[in-house]
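> After the structure tokens below, expect a handful of questions from me.
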Amino acid sequence: MVLIHPFREGNGRTARILADVMTAQAGLPPLDFSGMARKKKTYIEAIQSGMDRDYKEMENIFMSVIRRTLRIHGQRR
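With the first letter of the sequence shown counted as 1, position 66 gets the number 65 in numbering that gives the first Met the number 0; the numbers rise by one all the way through.
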């Protein structure tokens, strides 16, 4: 969603809301993206790598977000 920019504004927010909907459907708390602002360059690089079908960087970002979220909510998986 972030890559195709279907909306004039709010594409990143919409993508994060969509991720939260998916976690809610899985019975998990909303994801904590609070640390992403400091990692914008890494996030952009992960998007660019994904365009070449290399999803490892984005996987690492999401694993970090998921771990932080579960730590905050006292859950372990």
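Where a beta carbon is used, it is the ideal one built from N, C-alpha and C, also for glycine.
Which two residues bound the contiguous alpha helix (DSSP H) that contains Met21?
Residue numbering aside, residue 21 sits at position 22 when the sequence shown is read from its first letter. Here the alpha helix (DSSP H) through Met21 covers 10-24.
> Using CA coordinates, which residue listed in Ile16, Ile60, Glu56, Ala45 is at the minimum distance from Pro29?
Translated into positions along the sequence shown, residue 29 becomes position 30. It is Ile16.
> Taking Phe61 as part of the alpha helix (DSSP H), name the residues at either end of that continuous run.
Along the sequence shown, read from residue 1 onward, the residue named residue 61 stands at position 62. First-last of the alpha helix (DSSP H) with Phe61: 55-71.
> Output needed for Gly34: all residues of its chain with C-beta closer than 8 Å, excluding positions within five of it in sequence on either side, in chain order.
On the sequence shown, residue 34 is found 35 positions in, with the first residue counted as 1. Same-chain partners within the cutoff: Ser63, Val64, Arg67.
> If we ignore side chains and look at the alpha-carbon of each, how far apart do Glu44 and Glu56 end up?
Counting from one through the sequence shown, the residue named residue 44 turns up at place 45. Counting from one through the sequence shown, the residue named residue 56 turns up at place 57. Taking the straight line from one Cα to the other gives about 8 Å.
> Identify whether Arg37 lies in helix, strand or coil by the three-state DSSP scheme.
In the sequence shown, residue 37 corresponds to position 38, counting from 1. Looking at Arg37 - three-state DSSP - the assignment turns out to be helix.
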